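Participant:
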Amino acid sequence: MARERRVLLVEDDPDVADLYLVQLRRDGVPIEHVRTGHDADIFAHGRGPVLILIDLKLPDVDGRELIERWSGDPICGAIPIWILSNSMPEDNLWWHAAP
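Add 39 to a position in the sequence shown, counting from 1, and you land on the number used in our numbering.
#1: I'd like the list of long-range same chain contacts for Pro-98, defined as Cβ closer than 7 Å, with 5 residues on each side in sequence excluded.
#2: Taking the runs of the beta strand (DSSP E) that are 3 residues or longer, which of them lie wholly in the stretch 81–135?
#3: Can you give me the start and stop residues for the beta strand (DSSP E) that Val-49 sits inside?
#4: Opposite Val-68 in the DSSP bridges: which residues?
#5: Less than 9 Å between the beta carbons of Val-49 and Asp-101, yes or no?
#6: Pull the bridge partners of Val-61 from the DSSP assignment, please.
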């Protein structure tokens with residue numbers, strides 16, 4: 040399946056999402072926004088974005104769980120993922136310990 044030339048933003052906080060959306064759209068980046076891990080999973084499998092920007096603290100699932108699931112998936116495993124997080128640095132140790 041060919042991926043759309045589109046970025047997926049996964050962020051549940053509307054104010055934070057607006058900051059990213061306004062700037063990225065101003066820069067000409069085609070971007071879609073979803074607020075839940077469930078919607079992100081559907082989008083990633085169905086439309087295959089070229090990049091995923093994801094918050095770790097989502098209302099329905101931990102962002103780390105999605106990242107781990109996607110890393111072993113034949114469709115999503117090739118999509119680069121950037122973590123967006125306002126959490127404390129010790130919360131991000133998981134990322135540094137990931138294989």
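Backbone N, C-alpha and C fix where the C-beta goes; we use that ideal spot for every residue, glycine too.
If you're wondering where the values come from, they're calculated on a predicted model, not measured in any experiment.
Facilitator: Result, derived from the coordinates:
#1: Asp-51 and Thr-75
#2: 90–94 and 120–123
#3: 46–49
#4: According to DSSP, which records beta bridges pairwise, Val-68 is partnered with nothing at all.
#5: no
#6: According to DSSP, Val-61 bridges with nothing at all.
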